[in-house]
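In the UniProt record's numbering, the protein residues as written are 1 to 120.
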């Protein structure tokens, strides 16, 4: 799965920006949220977020669901490195695993797009 943010910004730019953010806000994690290509999730008003390191994935789900006005019966999934992270994990823990990106890239999709992601 390709991330548009990575396509639009070369590694050196992402590295410089990520280091600057972490230096200024050491207790926060820069997160990029992008929609899966076939996802029928409403568009987010922004894709870059700066969240507390101790925020859990479950809490982040709640924040994003609220931003996109998702119905309670709609399932929303995030993927980090092609894996659905546990809701009890903190964003800081996920960031450490994904440090090579200098941002935590999250892919969001609804239940219907899961099968299309497995095929890619």
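Beta carbons are placed, not taken as given, at the ideal position from N, Cα and C, and that holds for glycine.
Note that the structure is a prediction, hence the values are computed from the model and not measured.
**Prompt:** Name the DSSP bridge partner or partners of residue 49?
**Reply:** Residue numbering aside, residue 49 sits at position 49 when the chain shown is read from its first letter. DSSP output for residue 49 lists 31 as bridge partner(s).
**Asked** Looking only at C-alpha atoms, which of 70, 18, 37 sits nearest to residue 49?
**Response** For the purposes of this step, residue 49 is taken as residue 49 along the chain shown, with counting starting at 1. Answer by Cα proximity: 18.
**With 16 other Cβ atoms within 10 Å as the buried cut-off, status of residue 84** = Position 84 of the chain shown holds residue 84. Exposed, since its Cβ has fewer than 16 Cβ neighbours within 10 Å.
**Item:** Same chain, Cβ closer than 6 Å to residue 51, neighbours up to 5 away in sequence not counted
**Value:** In the chain shown, residue 51 corresponds to position 51, counting from 1. Contacts found: 29, 31, 91.
**Message:** With three or more beta-carbon pairs closer than 8 Å as the criterion, would you say the segment 3-17 touches the segment 55-69?
**Reply:** no
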